[in-house]
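In the working numbering, the protein residues as written are 81 to 281.
For glycine and all other residues, C-beta sits at the position ideal for the given N, C-alpha and C.
Report on the structure given below.
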């Protein structure tokens with residue numbers, strides 16, 4: 081009971097501290113320019129918390145708008161998909177630049193709820209898929225491509241239209257949780273699953 085009370089006091093102290101932060105007055109460092117969007121503000125506020133040293137261990141940010149069932153577009157300037165990717169990339173670049181040397185102890189992991197189909201539908205878009213690309217960024221990360229490319233030939237596609245998985249998402253999380261956050265209790269985090277090393281860190 082005492083421990084719960086102490087944690088409650090710490091929580092209220094942290095909430096009081098967060099109310100003193102003023103994002104509108106924040107000055108990003110190293111020429112970082114965050115996107116003028118909710119996504120950009122989330123990234124900027126995360127940088128603020130990391131710099132304040134409040135003990136932040138994990139932060140979850142949301143950047144929606146990827147459910148492109150129609151008019152997805154390609155890499156051409158002005159295409160919907162291209163605009164989303166540009167905002168996504170510029171935001172990550174801004175956070176990385178803004179944190180500077182603090183990136184020595186920060187890992188950025190991007191993931192998606194679901195991938196997209198390997199071929200276009202009749203509306204110029206893609207439908208809900210299976211596998212998807214993840215990105216891991218930060219000095220603790222071993223650079224490279226992890227997982228095997230399954231191929232786009234019809235015989236390699238899952239159910240004839242989906243990119244096949246070659247990595248289990250739990251193995252990605254397990255390396256970050258175990259090696260970066262130093263949590264050895266992976267069997268508690270991922271019950272009934274034996275995590276496999278992939279060399280990410």
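Residue from the options whose Cα sits closest to the Cα of residue i
i           : options            : result
residue 190 : 101, 109, 99, 218  : 218
residue 280 : 253, 151, 244, 267 : 253
residue 139 : 200, 206, 126, 232 : 126
residue 260 : 151, 137, 149      : 137
Length of the line joining the Cα atoms of residue i and residue j
i           : j           : result
residue 240 : residue 112 : 43 Å
residue 186 : residue 154 : 32 Å
residue 214 : residue 192 : 7 Å
residue 97  : residue 132 : 10 Å
residue 188 : residue 216 : 6 Å
residue 117 : residue 176 : 17 Å
residue 150 : residue 231 : 24 Å
residue 248 : residue 223 : 19 Å
residue 178 : residue 102 : 17 Å
Delimiting residues of the beta strand (DSSP E) encompassing residue i
i           : result
residue 189 : 188–190
residue 364 : Here the chain comprises residues numbered 81 to 281, so residue 364 is not present and cannot be evaluated.
Per DSSP, the bridge partner or partners of residue i
i           : result
residue 208 : 196
residue 242 : 238
residue 155 : Its beta-bridge partners do not exist; DSSP assigns none.
Boundaries (first-last residue) of the alpha helix (DSSP H) holding residue i
i           : result
residue 130 : 118–132
residue 252 : 249–255
residue 172 : 160–179
The stretch 83–94 touching the stretch 140–149, judged by at least three CB pairs closer than 8 Å: no
Cβ contact check for the stretch 226–245 and the stretch 258–270: 3 or more pairs under 8 Å: no
Three or more C-beta pairs below 8 Å linking the stretch 202–214 and the stretch 169–181: no
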